[in-house]
Amino acid sequence: MSGARTSALATLRGQIERIETAEVVHHRDRVALGHSEADGALKGGLARAAIHEVFCEGRQGTAATGFVMGLAGRVSARRPLLWVRQDFSEIETGALSMSGLAELGLDPRRVVMVRAADVESALRTSADALACDALGAVVLELWGETRQFDLVASRKLTLAAQSSGVTGLMLRMAAQPLPSTAETRWMLRAAHSPPGEAWTAWGAPRFDAELLRNRHGPCGRWIMEWKCDECQFSEPSTYPQPVAAAPAHRPDPAVLQRRAG
Amino acid sequence: MIHALDEAAERLGLHIGQPLANARAMCPDLKVFDADVVADAKTLSDIADWCDRFTPLVALDPPHGLFLDITGCAHLFGGEAALLQTLVRALARQGFAVSAAIAGTSVCARTLTRQASGSIVADGGEAEAIRRFPLSALGASEAITTGLRRAGLKTIGDVASREPHEITARFGARFSMLLAHALGQGDAPISPRKPLPDYIVEKRFAEPIATDTMIAMTLSRLADTLIASMEKQGKGARRLEAAFFRTDGVVRAIMVETGRPVTRSVVVDRLFRERLDALADPLDPGFGFDMVRLSASRTEIVVQEQRDLDAHVHDNDELSALIDRIAARIGGKRVDVHLPQDTHIPERAVLAAPAQHHLAAAMQAEWPARVESEPPLRPLRLFDKPEPIKVPFATVPDGPPHQFTWRRALHAVVRVEGPERIAMEWWRQDGRQLTRDYFRIEDAEGLRFWIFRDGLYEGEAFDGDGKPVSPNWYVHGLFA
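Sequence order for the protein chains is A and B. Under our numbering, the first residue of the first sequence carries the number 58, and numbering increases by one thereafter. Under our numbering, the first residue of the second sequence carries the number 14, and numbering increases by one thereafter.
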């Protein structure tokens, strides 16, 4: 390899490194989700000051909404949350219910809802909002494939998020993943309740979350459960309902059985 | 029936109120157009908009009159005579036939316009000025004018010379009041179309401006002046209006509202830029604007807060500034916060209120606490209108379904919890609504639904003959 070529390569590498490190500086601020494997893959948690995309099929919209809500609750840390959505998505999947939000353990007082008439104004509003550092997170909810949300729009949002430190969450329902500048990209499905007797109560919300893209680590697929009381994700529990802790003053029944046998 | 006519027709002897057939008989080649009262009113209101450049107090006097209260404004235009001349000339240039007059009272001025257009009557000279005019100029009803004429009173002076109580006894207090006002004894207040703004700044141009940069620059300069004058009195603006007066008489007003009082001209500037950017029908300068006015129509006293180390206050300020900007762009009704309501009916439990006005209330609201260690009891997504589902049968009459069809897809029920019975509020007068039994359901795919049966089984729903029918099922929401 000639010297000139090597030095050109070195220059390019240097440039790329500078671009990358500019992001890395911001990405040190990470929020653990609570699911240990996922946190491991994400190098400690979900990066703040970045864009994260959550995709889902049309009918899995509510599961994805719940997941995004959980992520927003984790990253926003008692700061206001701006939720931008198209008018159309409300007809398709229903309006975001604040009582439902409170049931998930999140605070409906901090949610400001923006109903945009079309994708352009939704994108413009979210770019504006991402530049406002008083917010904790901005959620942009789009239904269906959109031409307008291209690489340029995505880059614009990423830059706004990086400069202000606000986290952007894109909820893309009934859409196919496209190239973007997102930090992570997820595909969401609803997961079954843990096996138990049929016709019995279900438990906490469970998500089948597939990490399709991760800029700084491996991908993976996990079943995650949202703990409404602790406000964090966790590994799936075996029982649908919370199990009472074993009484300390009595021996474990399993041990007793083994002794008897 | 003739509704209005021009001078040429008047010279031929036609008059308003004459049947059209008679008029045609007098003048066979008469040109007739249908009267359009609505368009007339619109034109009058457009002219009133244009007259806003002389004074903020413009009142309509239908069908074709305008009152302008020029108290304290005349000197800006070089005195009363010059103002009158400017106004009449400008309107005449636009093709209107104008008669105008200035007097101490509005009724006197109106009487003058009907008989002596262009006259200016000083205070105290009203009675003398209108003494010789016929009664019709007063603008009283036809019956009164005729009645007075029959009594031999032909001019306003004749009537004024009678004792007021005689006139009142015969023609009512309203007429004698009108007469007194016309004679300059007391004044009837006019009712301006718009409330008087608290602060007004404006800029006139000898040469009309048309470019966006010039408009933006003018606005930001006006904002500086406006904010400076409001600051002196410790006020902040809640509602701002920019009015653009085009050279051809069209006036375009653009309004911006804010959630909290604005005290910085940069903010005003930015809000208007957002608003102008997002206009569905952009500002059309035509041949240019010759005047731009910025007014603060609602203001509030601003308590100067000292910024302390607590960043929380600051954050709220920034949030409401962001909300104002978004609202200026897409409309205040599209940005909501949520307030809990004291009801157990799911669709009424939350009220969405405009964020600009209710941000503080929403931040303080008390939401019902969730039950610890329970899975969510309310769905994350709620349909505005419950969507009907097809349920083939239920295991037990009162129980949940085994499967159901929603949006043309069949869902097999795997897990159920319920029912949670929600009775409608009988004290509301919005028709009889049925009791609902809600079930939380998970299907084979893991999707979770909130469905309900509208009405108790064989208890509430009846057909036309009074026979019980099986109630309908609906999906009301979706759980995460």
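Just so you know, even glycine gets a beta-carbon here, dropped at the ideal spot from N, CA and C.
Pairwise C-beta distances place the region 301-320 of chain B in contact with the region 201-210 of chain B, as three or more of them are shorter than 8 Å.
The residue among B:Pro367, B:Leu469, B:Leu352 with its C-alpha nearest the C-alpha of B:Ala341 is B:Pro367. The shortest CA-to-CA distance from A:Ala247 to any of B:Gly459, B:Arg466, B:Trp486 is the one to B:Gly459. Residues of the region 114-139 of chain A that bring their beta carbon within less than 9 Å of a beta carbon in chain B comprise Arg116, Gln117, Gly118, Thr119, Ala120, Ala121, Thr122, Gly123, Phe124, Met126, Gly127, Arg136, Pro137, Leu139, in sequence order.
By the rule that beta-carbons nearer than 8 Å mark a contact, B:Ile343 touches chain A. Straight across, the Cα-Cα distance linking B:Thr224 with B:Thr231 is about 11 Å. According to the DSSP assignment, B:Glu215 belongs to the beta strand (DSSP E) that extends over 212-222.
By the rule that beta-carbons nearer than 8 Å mark a contact, B:His351 touches chain A. Beta-bridge partners assigned by DSSP to B:Lys55: none are found. With contact defined as three or more Cβ pairs closer than 8 Å, the region 86-101 of chain A and the region 277-294 of chain A are in contact. DSSP places B:Gly490 inside the beta strand (DSSP E), whose first and last residues are 485-492. In the DSSP annotation of this structure, B:Gln446 is not part of any beta strand (DSSP E), being labelled neither H nor E. Not a single CB atom of chain A sits nearer than 8 Å to the CB of B:Glu20.
In this structure, the beta-carbon distance from A:Met281 to A:Val111 does not fall below 8 Å.
Close to B:Glu430, with beta-carbon spacing below 7 Å, are these residues of chain A in chain order: Ala258, Trp259. DSSP places A:Cys113 in the uninterrupted beta strand (DSSP E) bounded by 108-113. About 7 Å separates the beta carbon of B:Leu97 from that of B:Gly131, a gap short enough to meet the 8 Å contact definition. The beta-bridge partner set that DSSP reports for A:Asn271 consists of A:Thr241. CA-CA distance, B:Ala266 to B:Ile339, rounds to 20 Å.
Per the C-alpha coordinates, the member of B:Pro432, B:Val488, B:His415 positioned closest to B:Ala457 is B:His415. In the three-state reduction of the DSSP assignment, B:Thr418 falls in the strand class. At a beta-carbon threshold of 8 Å, the residues of chain A lying near B:Arg394 are Gly118, Thr119, Thr122, Thr150, Gly151, Ala152, Leu153, Ser154, Gly157, ordered along the chain.
Per DSSP, B:Leu70 is not a residue of any beta strand (DSSP E), being assigned neither H nor E. Identification of residues in the region 185-209 of chain A having a C-beta nearer than 8 Å to some C-beta of chain B yields Asp185, Ala186, Cys189, Asp190, Ala191, Leu192, given in sequence order. Following the DSSP letters along the chain, one finds B:Glu400 inside the beta strand (DSSP E) bounded by residues 394-402. Contact between A:Leu197 and A:Ala232 fails: their C-beta atoms lie close to 12 Å from each other, not under 8 Å.
DSSP places B:Asp303 within a strand segment (E or B) once states are collapsed to three.
The region 235-249 of chain A makes contact with the region 260-278 of chain A: 3 or more CB pairs, one atom from each, lie closer than 8 Å.
A distance below 8 Å separates the beta carbons of B:Leu253 and B:Val269. Ranking B:Ala129, B:Leu79, B:Arg259, B:Gly247 by CA distance to the CA of B:Val275 puts B:Gly247 first.
Judged by their CB atoms, B:Ala21 and B:Ala48 are not nearer to each other than the 8 Å cut-off. Residue state for B:Pro295 is assigned as coil, using DSSP reduced to three classes.
For the region 301-314 of chain B, no residue has a beta-carbon sitting nearer than 8 Å to a beta-carbon of chain A.
Under the Cβ distance rule, B:Arg466 does not count among the residues neighbouring chain A, no pair being separated by less than 8 Å. Collapsing the DSSP output to three states places A:Arg181 in a helix. Per DSSP, B:Tyr470 has no beta-bridge partner at all.
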